[in-house]
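In structure tokens, the structure reads:
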């Protein structure tokens, strides 16, 4: 499973469009690599971000605009049956729980600058060189990817872990979800993200992607 999210800068004319273009390009590159057996771990993760940046450069050139007009962050999680791979540029966040520890760890710290809303963006010079990648040789039990508007609700900064009471209801729902439930669950999540409970705690746009392993846990390999 490939989870990708981006946050377009509100300070530039086409930040939202940049976010959409970056997500589509990164997803397409990842899915093609996985489908054709050309997925090579960190190398391919890095190329997903490079391809997304090239897409933004092409868009800017087409319309004769500076690349910064499409400024956005980009976060990506690839959840496999035998590994988990994360990549991040910017101030969003991701949380992971394993099958032997339900703590929601934050493997990559959000890239925060010196001021409010200051972060590394995909459109920055040398941004791909600042890409943070983490790989784990096991599947995730739970995972979430989210944009910075949810950090105050979703993270416990002192412990650098996810706030479990925030995430657990989503994971519980996914454990009992069935084929055909996607549209209903998407609508319920959108309603929650627009609710006063959320909007009173953030002034930023919010995006949340959540995934859970369902069914039997993966087998424990010898030596683990």
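Numbering (this note's numbering), first residue to last: 1456 to 1679. C-beta: ideal position from N, C-alpha, C; glycine also.
Which residue from the options puts its Cα closest to that of residue i?
i            : options                : result
residue 1620 : 1557, 1604, 1670       : 1557
residue 1543 : 1494, 1553, 1478       : 1478
residue 1652 : 1672, 1663, 1608       : 1608
residue 1460 : 1639, 1669, 1662       : 1662
residue 1474 : 1549, 1597, 1660, 1499 : 1660
residue 1482 : 1666, 1637, 1531       : 1531
residue 1665 : 1590, 1657, 1617       : 1617
residue 1625 : 1583, 1605, 1643, 1670 : 1643
residue 1585 : 1669, 1657, 1539, 1505 : 1505
residue 1682 : 1634, 1635, 1622, 1669 : Any property of residue 1682 remains undetermined from this structure, which presents the chain solely from 1456 to 1679.
residue 1541 : 1579, 1501, 1522       : 1501
residue 1601 : 1548, 1498, 1588, 1672 : 1548
residue 1671 : 1527, 1615, 1656, 1536 : 1536
residue 1529 : 1560, 1588, 1538, 1551 : 1588
Helix, strand or coil for residue i? Go by DSSP, reduced to three states.
i            : result
residue 1618 : coil
residue 1497 : helix
residue 1587 : strand
residue 1534 : strand
residue 1463 : strand
residue 1511 : helix
residue 1526 : coil
residue 1539 : strand
residue 1489 : helix
residue 1551 : strand
residue 1577 : coil
residue 1457 : strand
For residue i, count neighbouring Cβ atoms within 10 angstroms of its own Cβ and tell me buried if that reaches 16, exposed if not.
i            : result
residue 1555 : exposed
residue 1484 : buried
residue 1495 : exposed
residue 1462 : buried
residue 1654 : exposed
residue 1592 : exposed
residue 1546 : buried
residue 1512 : exposed
residue 1575 : buried
residue 1581 : exposed
residue 1658 : exposed
residue 1508 : buried
residue 1639 : exposed
residue 1635 : exposed
residue 1606 : buried
residue 1603 : buried
residue 1514 : buried
residue 1681 : With the chain running from 1456 to 1679 in the structure shown, residue 1681 is simply not present.
Three or more C-beta pairs closer than 8 Å, one from the segment 1545-1565 and one from the segment 1482-1496: is that the case here?
no
Are the segment 1508-1524 and the segment 1464-1481 touching by the rule of at least three beta carbon pairs closer than 8 Å?
yes
In chain order, which beta strand (DSSP E) runs of at least 3 residues are fully inside the segment 1593-1675?
1597-1601, 1663-1667
Examine the Cβ distances between the segment 1620-1632 and the segment 1584-1599 and report whether three or more of them are shorter than 8 Å.
yes
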